[in-house]
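Report on the following structure.
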Amino acid sequence: MAAESRLTIDLDALAANFHALAAQAAGAEVAPVVKADGYGLGAGPVARRLWAEGARSFFVARLSEGEALRTALGDRAATIRVLDGATLGAHARLKAAGLTPVLSTAEQVGYWRGVEAGPVSVHVDTGMNRLGLSLEEAAAIPGVELAMSHLGNAAEPGHPRNAAQLACFREVRARFPDARASLSASAGIFLGPDYRFDMVRPGISLYGGGPRETPDARIGAVVTLDAPILQVRDLKAGDAVGYGAMFTAARPMRVAVVGGGYADGVLRTSHAQAAGWLGGVRLPFLVVTMDMIVVDIGELPNARPGDRVELLGPHAPLDDLAATAGSVAHEILVRISGRAERRYLGEAV
Ligand SMILES: *Cc1c(COP(=O)(O)O)cnc(C)c1O
Numbered sequence: 142m143a144a145e146s147r148l149t150i151d152l153d154a155l156a157a158n159f160h161a162l163a164a165q166a167a168g169a170e171v172a173p174v175v176k177a178d179g180y181g182l183g184a185g186p187v188a189r190r191l192w193a194e195g196a197r198s199f200f201v202a203r204l205s206e207g208e209a210l211r212t213a214l215g216d217r218a219a220t221i222r223v224l225d226g227a228t229l230g231a232h233a234r235l236k237a238a239g240l241t242p243v244l245s246t247a248e249q250v251g252y253w254r255g256v257e258a259g260p261v262s263v264h265v266d267t268g269m270n271r272l273g274l275s276l277e278e279a280a281a282i283p284g285v286e287l288a289m290s291h292l293g294n295a296a297e298p299g300h301p302r303n304a305a306q307l308a309c310f311r312e313v314r315a316r317f318p319d320a321r322a323s324l325s326a327s328a329g330i331f332l333g334p335d336y337r338f339d340m341v342r343p344g345i346s347l348y349g350g351g352p353r354e355t356p357d358a359r360i361g362a363v364v365t366l367d368a369p370i371l372q373v374r375d376l377k378a379g380d381a382v383g384y385g386a387m388f389t390a391a392r393p394m395r396v397a398v399v400g401g402g403y404a405d406g407v408l409r410t411s412h413a414q415a416a417g418w419l420g421g422v423r424l425p426f427l428v429v430t431m432d433m434i435v436v437d438i439g440e441l442p443n444a445r446p447g448d449r450v451e452l453l454g455p456h457a458p459l460d461d462l463a464a465t466a467g468s469v470a471h472e473i474l475v476r477i478s479g480r481a482e483r484r485y486l487g488e489a490v
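If you want my numbering, it's the 1-based position in the sequence shown plus 141.
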């Protein structure tokens with residue numbers, strides 16, 4: 142039995158989310174985004190399981206992530222696309238690892254065309270103003286096999302930027318009738334059929350985050366972070382807890398000190414609103430420090446040292462924890478540190 146903070150990564154739940162997204166994307170290829178080490182969950186185990194579920198192409202951000210993923214996938218003939226593109230001098234490494242750069246500047250296109258003749262993947266900016274060629278720059282490129290863009294406000298279905306970006310992307314598609322087209326990440330998949338095109342690129346909703354930054358019944362929890370109670374104590378009215386007297390008891394109360402903290406990935410700013418769960422009972426956080434979280438166990442006075450408190454998981458959804466920290470699910474996941482003991486359920490062989 143685990144004695145310390147523990148991170149359980151349920152790859153069966155990941156697979157279920159992949160199929161839920163595929164159903165929602167209705168025929169479009171689902172190309173998982175496994176950047177930042179699979180959003181902190183381990184790009185290797187994640188991609189191997191998704192390959193077993195039928196995924197054949199993957200996206201990473203960095204060249205080095207692509208190299209690591211190629212090694213992790215072994216002899217599986219996956220297409221791995223690198224969103225950073227072909228930075229100057231990267232050709233040899235991209236080729237050696239069999240990676241496909243998604244070209245996003247005119248300079249990259251010029252560089253790549255100087256060393257490679259084959260079809261290319263391009264990223265066209267449709268109004269997010271992050272990476273991407275302008276439509277005019279892209280229109281001049283021959284041999285485009287994948288034309289992609291990215292939405293800036295897809296988590297807000299009514300936002301006018303979605304329709305504006307869609308209209309712009311339709312011009313991109315019209316310019317490359319033979320290329321495959323990809324516009325949507327997790328949130329865009331749920332904007333409706335117009336946004337799906339030939340390929341979708343979900344990240345966060347594979348890993349348990351809802352497409353609208355709130356928990357969504359169609360997406361299951363993949364990650365559970367739990368930690369043991371180290372000590373139980375009774376506070377008197379006026380007793381202060383933690384550094385800087387972060388919490389002061391207004392009345393007598395029973396609290397538990399849990400052996401997980403911001404060094405395990407629970408952001409310090411979550412202390413005021415988040416809660417852990419034990420035996421179906423909600424235990425409000427009072428104080429979050431590096432190694433310990435103090436929770437109110439007034440509703441569960443018999444909780445004892447060794448009992449494991451869920452800090453993130455099916456009862457404490459990722460999106461809720463993110464909201465209490467003023468953040469997004471993506472950031473919570475990538476900040477779960479290496480300290481928690483990891484175990485995978487449902488690993489592909
Ligand atoms: C990160 C990223 C994605 C995945 O986004 P999610 O919100 O995690 O689904 C898709 N496409 C691009 C270009 C990205 O940078």
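Idealized CB from N, CA, C, for every residue including glycine.
Where the alpha helix (DSSP H) through residue i begins and ends
i	result
Ser205	204–214
Ser327	327–330
Phe159	152–166
Leu452	Per DSSP, Leu452 belongs to no alpha helix (DSSP H); it is in the beta strand (DSSP E), 449–453.
Arg409	Arg409 -> no alpha helix (DSSP H), and no H or E assigned at all.
Gly179	176–180
Asp461	459–465
Val187	184–193
Environment of residue i [buried if 16+ CB atoms lie within 10 Å]
i	result
Arg445	exposed
Gln372	exposed
Arg147	buried
Tyr252	buried
Lys377	exposed
Val363	buried
His160	exposed
Tyr384	exposed
Thr212	exposed
Ala188	buried
Thr149	buried
Gly379	exposed
Glu145	exposed
Gly499	Outside the shown range of the chain, which is 142 to 490, sits residue 499, and nothing can be said about it.
Gly349	buried
Val490	exposed
Asp375	exposed
Ser275	exposed
Asp405	buried
Glu277	exposed
Glu206	buried
Asp437	buried
Pro369	buried
Pro173	buried
Span of the beta strand (DSSP E) around residue i
i	result
Phe426	422–429
Val399	394–399
Arg314	Where Arg314 is concerned, there is no enclosing beta strand (DSSP E), although the alpha helix (DSSP H) it sits in stretches over 301–316.
Gly479	Segment: none, Gly479 is in no beta strand (DSSP E) and carries neither H nor E.
Val519	Residue coverage of the chain in this structure runs from 142 to 490, which leaves residue 519 outside it and unanswerable.
Val373	364–376
Arg321	321–323
Leu276	No beta strand (DSSP E) contains Leu276, which is instead part of the alpha helix (DSSP H) from 276–280.
Ala525	Limits of the chain in this structure are 142 at one end and 490 at the other, which puts residue 525 out of reach.
Ser198	198–201
Asp437	434–437
Beta-carbon proximity of residue i to residue j, cut-off 8 Å
i	j	result
Val450	Ala169	no
Ser323	Asn158	no
Val171	Pro343	yes
Leu210	Gly487	no
Glu354	Asp461	no
Ala512	Arg190	No answer is possible for residue 512: it lies beyond the span of the chain, which begins at 142 and ends at 490.
Ala163	Arg337	no
Thr365	Pro455	yes
Ile477	Gly181	yes
Asp448	Gly400	no
Thr495	Cys309	Outside the shown range of the chain, which is 142 to 490, sits residue 495, and nothing can be said about it.
Assumed close pair residue i, residue j - CB separation to whole angstroms, cut-off 8 Å
i	j	result
Arg254	Ala279	Between Ala279 and Arg254 the Cβ distance is about 13 Å, and since that is not below 8 Å, they are no contact.
Asp367	Leu452	6 Å
Glu286	Arg311	19 Å between Cβ atoms; not a contact.
Pro242	Gly226	5 Å
Ile221	Leu240	5 Å
Ala470	Ala463	5 Å
Arg395	Gly439	6 Å
Val250	Ala288	Rounded, the Cβ-Cβ distance is 13 Å, inconsistent with contact.
Val428	Phe388	5 Å
Ala328	Ala296	4 Å
Restricting to runs no shorter than 4 residues, where is the alpha helix (DSSP H) found entirely within the stretch 211–266?
232–237, 247–256
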